[in-house]
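Let me begin by presenting the structure, written as structure tokens, before commenting on it.
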Amino acid sequence: MPYGDAMSTRARSEERRAEIVRAALEVIAERGYRGASMAAVAERVGLTQQGLLHYFPTKDALLVAVLKERDQWDAVPDSPWRLDLLASLVEYNAMRPGIVQTFSALLGESVTEDHPARAYFTERYGRVRATMTEALRSEHGERLPGGLTPERAAVLLVAVMDGLQYQWLLDPEAVDMPEAFRDFLGLLGGTGESG
1 MPYGDAMSTR ARSEERRAEI VRAALEVIAE RGYRGASMAA VAERVGLTQQ GLLHYFPTKD
61 ALLVAVLKER DQWDAVPDSP WRLDLLASLV EYNAMRPGIV QTFSALLGES VTEDHPARAY
121 FTERYGRVRA TMTEALRSEH GERLPGGLTP ERAAVLLVAV MDGLQYQWLL DPEAVDMPEA
181 FRDFLGLLGG TGESG
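Each step along the sequence shown adds one to the number in full-length UniProt numbering, with nothing skipped, and position 36 is 36.
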């Protein structure tokens with residue numbers, strides 16, 4: 001097979017994989033991970049279940065691809081965050097409820113012992129807490145204005161971000177997620193503005 005044909009085949013395969021991941025995000029958002037079937041994802045992209053298994057041999061492999069894709073959209077960095085950029089991330093999330101819903105559904109399901117995303121979320125939260133600790137330390141030093149250490153405040157920061165997502169998903173008219181998050185940053189003594 002000529003080199004150009006191989007590149008073209010690889011590009012089509014990657015495009016198809018991306019289409020499957022997007023369909024899986026939709027199906028999981030609608031039905032939850034346990035209720036989402038490989039057959040439903042396959043049907044959504046016009047494949048047989050056997051055809052889908054060519055791209056993702058197991059439901060767990062597809063789930064990991066969905067989670068990695070979601071993290072790419074959030075750009076959860078390995079480099080330090082700034083607190084003012086977190087408010088922008090919350091605003092961005094408010095513009096894509098389907099992605100937030102999928103993440104929240106998977107997160108909620110993952111607390112069970114046998115869930116295939118449990119290890120993924122456990123590792124992710126450790127990394128996010130460490131990143132938030134460094135953002136808080138960069139902004140406030142070793143103590144925030146209220147006396148908390150960056151390590152202790154980071155746990156609260158992550159809890160507020162995720163908790164606001166759940167409240168907003170349940171009642172978007174009553175919860176202005178970006179505004180509430182800016183209020184919380186104001187309480188931390190950060191860049192937020194109370195209003």
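From the three backbone atoms N, C-alpha and C, an ideal C-beta is built for every residue, glycine too. Just so we're clear, the structure is a prediction, and the values are computed from it rather than from any experiment.
| Item | Value |
| --- | --- |
| Straight-line Cα distance separating M38 from G108 | 20 Å |
| As assigned by DSSP and simplified to three states, the class of D183 | helix |
| Element boundaries [alpha helix (DSSP H), containing T48] | Note, T48: premise wrong, no alpha helix (DSSP H); not H, not E. |
| Of the residues Y166, A174, V160 and P172, the one placed nearest D183, counting alpha carbons only | V160 |
| Inter-residue spacing [alpha-carbon to alpha-carbon] between D114 and F56 | 20 Å |
| CB contact flag (A154, T133, <7 Å) | yes |
| Coarse secondary structure for S13, derived from DSSP in three states | helix |
| Nearest-angstrom beta carbon gap, A174 and L164 [assumed within contact, 8 Å] | No, L164 and A174 are not in contact; Cβ-Cβ is about 12 Å, not under 8 Å. |
| Test item: CB-CB of A29 and G98 under 7 Å | yes |
| Three CB pairs or more closer than 8 Å across the stretch 10-29 and the stretch 82-90 | no |
| Of the residues F121, E142 and R96, the one placed nearest L169, counting alpha carbons only | R96 |
| Buried versus exposed, by CB contacts within 10 Å (16 or more), V111 | exposed |
| For L185, the nearest candidate out of F121, L106 and R82 (CA to CA) | R82 |
| 4 or more residues per run - each alpha helix (DSSP H) lying fully within the stretch 98-150 | 118-140 |
| C-alpha distance - M177 paired with A130, whole-angstrom precision | 23 Å |
| S37 (DSSP reduced to helix, strand or coil) | coil |
| V66, DSSP secondary structure in three states | helix |
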